[in-house]
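Heads up: the structure comes next, in structure tokens.
Residue numbers (our numbering): 1380 to 1653.
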């Protein structure tokens, strides 16, 4: 578990608000890991050990593990077990179902896998999100404003009350939980709308994918959405975990991580957070 206070303190101690995405594809990991019985698990362990000094959270995307059946779930479980105490463990599963089913998902991710946070699709409404909000130190990370091409199909639709659909989602979701147990996913490439998101949810943490390989700007994100408590977890996956592949793998991954952490430390100083 990780409370809001613990998360904020971790950000200050690490001088970072970096989340490392463990979207580990066996076809992309360095060849040296293929000597092991479980290449992805050994790769994940190496990434965690290299990046731990520079980040505050890890985010395995469950699709990269579910594809391999029960063995993939075992790899996911062992990966989560390897993440040290004091780091937010986010599972990117984008679950979204009725209350009874969501209760079962919550039991799976909170009790079995021991995650701290789960990405949740809010399309089915309040009862699909509330089951994740009942435990201290556990977080529902609600999809709000994403950066994929199809986001415009629904999220930017204008409603009769003048709101865009993503705005109504945020306005509704903040009534279901609090800034102690609810975050929002906001894509880094939607910089023009970050100010709008922050007005809607002034104290909630945003999980921000899209910095790095997807081209989002860290400085742009911070200029619109950083708060007195930071309020941001910026995720980088491919730009860090695949930063190197040969003999310099460890050094290349560390360099990519350090570069982001140093930018974040500067932003935290500039906004008087540390």
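Backbone N, C-alpha and C fix where the C-beta goes; we use that ideal spot for every residue, glycine too.
Just the Cα atoms here: how many angstroms apart are residue i and residue j?
i	j	result
residue 1537	residue 1578	18 Å
residue 1611	residue 1434	12 Å
residue 1405	residue 1441	14 Å
residue 1532	residue 1626	44 Å
residue 1648	residue 1641	11 Å
residue 1596	residue 1452	33 Å
residue 1599	residue 1416	42 Å
residue 1559	residue 1385	11 Å
residue 1518	residue 1539	31 Å
residue 1651	residue 1609	10 Å
residue 1569	residue 1525	8 Å
residue 1584	residue 1514	17 Å
residue 1496	residue 1468	6 Å
residue 1409	residue 1509	41 Å
residue 1549	residue 1580	7 Å
residue 1412	residue 1547	46 Å
residue 1414	residue 1447	19 Å
residue 1395	residue 1541	37 Å
residue 1486	residue 1391	31 Å
residue 1397	residue 1436	7 Å
residue 1633	residue 1603	28 Å
residue 1628	residue 1429	10 Å
residue 1529	residue 1573	18 Å
residue 1454	residue 1481	23 Å
Between the options, which lies nearest to residue i when the distance is taken from Cα to Cα?
i	options	result
residue 1432	1420, 1389, 1441 and 1491	1389
residue 1489	1505, 1521 and 1456	1456
residue 1565	1557, 1575 and 1484	1575
residue 1492	1499, 1520 and 1461	1461
residue 1521	1554, 1422 and 1646	1554
residue 1494	1458, 1587 and 1601	1458
residue 1506	1516, 1483 and 1430	1483
residue 1557	1454, 1511, 1572 and 1541	1511
residue 1654	1393, 1407 and 1381	With the chain represented from 1380 up to 1653, any question about residue 1654 goes unanswered, as that position is not in the structure.
residue 1615	1573, 1605 and 1638	1638
residue 1463	1381, 1523, 1450 and 1544	1381
residue 1383	1604, 1465 and 1602	1465
residue 1473	1428, 1633, 1523 and 1397	1523
residue 1601	1449, 1541 and 1571	1571
Ignore the nearest five residues each way along the sequence and tell me which others in residue i's own chain have a CB closer than 7 Å to its CB.
i	result
residue 1631	1622 and 1623
residue 1503	1475, 1476 and 1477
residue 1635	1618, 1619 and 1622
residue 1589	1526, 1566, 1567, 1568 and 1595
residue 1552	1501, 1508, 1521 and 1561
residue 1605	1611, 1646 and 1650
residue 1407	1621
residue 1653	1391, 1394 and 1647
For the beta strand (DSSP E) that residue i lies in, which residues bound it at each end?
i	result
residue 1615	1611 to 1615
residue 1586	1584 to 1587
Leaving out five residues on either side along the sequence, give the residues of the same chain with a beta carbon under 6 Å from the beta carbon of residue i.
i	result
residue 1426	1620
residue 1471	1438, 1440 and 1498
residue 1403	1419, 1422, 1423 and 1443
residue 1369	With the chain represented from 1380 up to 1653, any question about residue 1369 goes unanswered, as that position is not in the structure.
residue 1516	1380, 1381 and 1382
residue 1445	1451
residue 1479	none
Would you kindly report the start and end of the unbroken alpha helix (DSSP H) that includes residue i?
i	result
residue 1579	1573 to 1579
residue 1602	1597 to 1604
If you drop the 5 nearest sequence neighbours on each side, which residues of the same chain put their C-beta closer than 8 Å to that of residue i?
i	result
residue 1562	1496, 1518, 1519, 1520, 1521, 1583, 1584, 1585, 1586 and 1612
residue 1387	1608 and 1609
residue 1535	1543, 1544 and 1545
Of all the alpha helix (DSSP H) runs that stay within the bounds of the segment 1431 to 1515, which reach a length of 4 or more residues? You should have 1442 to 1445, 1448 to 1461, 1478 to 1485 and 1505 to 1508.
Continuous beta strand (DSSP E) assignments of at least 3 residues falling wholly in the segment 1508 to 1560: Here the runs fully enclosed are 1518 to 1524.
To test your reading of the DSSP string, which unbroken beta strand (DSSP E) runs of 3 or more residues are found completely within the segment 1393 to 1431? Runs of the beta strand (DSSP E) inside the segment 1393 to 1431: 1397 to 1401.
Runs of alpha helix (DSSP H) lying entirely within the segment 1606 to 1650, each at least 4 residues, in chain order: DSSP runs (the alpha helix (DSSP H)) wholly in the segment 1606 to 1650: 1617 to 1620 and 1628 to 1649.
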